[in-house]
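Beneath this line is the structure, given in structure tokens, with notes to follow.
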Amino acid sequence: MQGLRPFNQQPVDLRQFIRDVPDFPKSGILFRDISPMLRDPRGWREVMQQLGRVCDQLKPDLIVGIESRGFIVGTPLAFQQGLGFVPVRKPGKLPGAVIGVDYTLEYGSDRLEIQSDALVDGSRVLLVDDLLATGGTAAASVELIQKAGGKLVGCGFVIELSGLQGRNRLPEGLPVESLVRYG
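Count the sequence shown with my numbering and you get residues 190 to 372, in order.
Written out as structure tokens, the structure is:
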């Protein structure tokens, strides 16, 4: 059994497990910290249940998580759903042949990589991460999944900063689920 919430119990409000940290990592930024959520089994269980329902609807073969907090979200989700997990990493972190994508950020450029044999035969993929902000890293991960031969069926995020419009950088019509949204 997957530890589902009893039918008469209300969903847990995930915002109570997210701490606002002003001026981090620099002045003027309001950081949304999921550390309290990770420490509280009620909050984390609710995250896994909600993302589990996304999996039930989209029926992925694999969960792909973006370094590094996407690993924290994706690994237990994959385990709970009986699916495999594939990491998307920064350069030089994966052994063997890799496929890479370079992308630009608001402050420079970066690169993401995936093992070249990770998504064989058009595997159905759910991409997960803790946060959708400007969408640059998520869009690069989408491109990487496609280059590696995967079929992206959707994206799941714990938090979305909707005012930054990162969702607009993802493919039109792609199912995107964010458990908590901030404007």
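We put the beta carbon where it would ideally sit given N, CA and C, even for glycine.
When secondary structure is reduced to three states using DSSP, VAL262 falls in the helix class.
In this structure, the CA atom of LEU321 is about 17 Å from the CA atom of VAL210. Below 8 Å, enough C-beta pairs join the segment 328-348 and the segment 289-306 to call them touching: three or more.
Under the three-state reduction of DSSP output, ASP212 falls in the coil class, being neither helix nor strand. A distance below 8 Å between beta-carbons, with the five flanking residues on each side excluded, links GLY338 to the following residues of its chain, in chain order: LEU308, VAL309, ASP310, GLY311 and SER312. A Cβ-Cβ separation of about 4 Å places GLY259 in contact with ASP318 under the 8 Å criterion.
When secondary structure is reduced to three states using DSSP, LYS336 falls in the helix class. Judged by beta-carbon spacing, VAL275 lies within the 9 Å limit of VAL253, meaning their Cβ atoms are closer than that value. Apart from the 5 residues on each side of it in sequence, GLU235 sits with its Cβ closer than 7 Å to the Cβ of PRO200, VAL201 and LEU203 in its chain, given in chain order. Taking C-beta atoms as the reference points, VAL342 and PRO249 count as a pair closer than 9 Å. Here ARG228 is exposed: its Cβ has fewer than 16 other Cβ atoms, across all protein chains shown, within 10 Å. The three-state secondary structure of GLU295, taken from DSSP, is coil. The continuous beta strand (DSSP E) containing LEU219 extends over residues 219-222.
Rounded to whole angstroms, the separation of the alpha carbons of PHE346 and ARG358 is 14 Å. Assignment of GLN354 by DSSP, reduced to helix, strand and coil, places it in the coil class. Residue nearest to ARG242 within the set ARG370, LEU350, PRO360 and CYS344 is CYS344 (criterion: CA-CA distance).
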